[in-house]
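Chemist:
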Amino acid sequence: MKAMDVQNPGGIHLHSFWLARADDPSLELWLRVVALAFGSHRANGHSQFAAGWVAKWFHKSPSQLSTAIKTAKAKGMLGAESTSRCLVLPPGVTGGLGHPFDPCSVHGRIKKPRDEGF
Ligand SMILES: [Zn+2]
């Protein structure tokens, strides 16, 4: 019997851990983008950024950033609705400041809780 068959415990992560990973150029860009999302999300699972800010912060082109976001989505590490303006955590990842149903300035109204749909 595997432990995950019996329990599904949660954990706590600090944004500072993930932001340090996001700032690590030895990691692949898609993983750094995931780390930025995990290091800056609010309780609704969304992290909004000014247009062009994320690519500039990584010193990458918009095209390189787009490819990294697509890769992270394909690997299940970012929500399918993620864009360069708003990185969204995958379903099942919860927590952060604010309220789980706070609207997103990019995506609008949040329709379902973070712990559903995975
Ligand atoms: Zn959003």
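For the sequence shown, the numbering used here gives the first residue as 418, with consecutive numbering after it.
A virtual CB, placed ideally from N, CA and C, is assigned to each residue, including glycine.
As the structure is a computational prediction, the values presented were derived from the model and not from experiment.
1. Shorter than 8 Å, the distance from the beta carbon of V523 to the closest heavy atom of ligand 1, or not?
2. Does the beta-carbon distance from G496 to P508 come in below 9 Å?
3. Does the count of Cβ pairs from the stretch 513-525 and the stretch 444-461 closer than 8 Å reach three?
4. Do D441 and A452 come within 9 Å of each other at the CB atom, strictly closer than that value?
5. Taking its Cβ as the centre, do 16 or more other Cβ atoms sit within 10 Å of S499, making it buried, or is it exposed?
6. List the residues that DSSP assigns as beta-bridge partners of H458.
7. Pick helix, strand or coil for Q481, following the three-state DSSP scheme.
8. Could you compute how far the alpha carbon of A467 sits from the alpha carbon of A439?
Modeler: In terms of the structure at hand:
1. yes
2. yes
3. yes
4. yes
5. buried
6. Per DSSP, none; premise fails for H458.
7. helix
8. 17 Å
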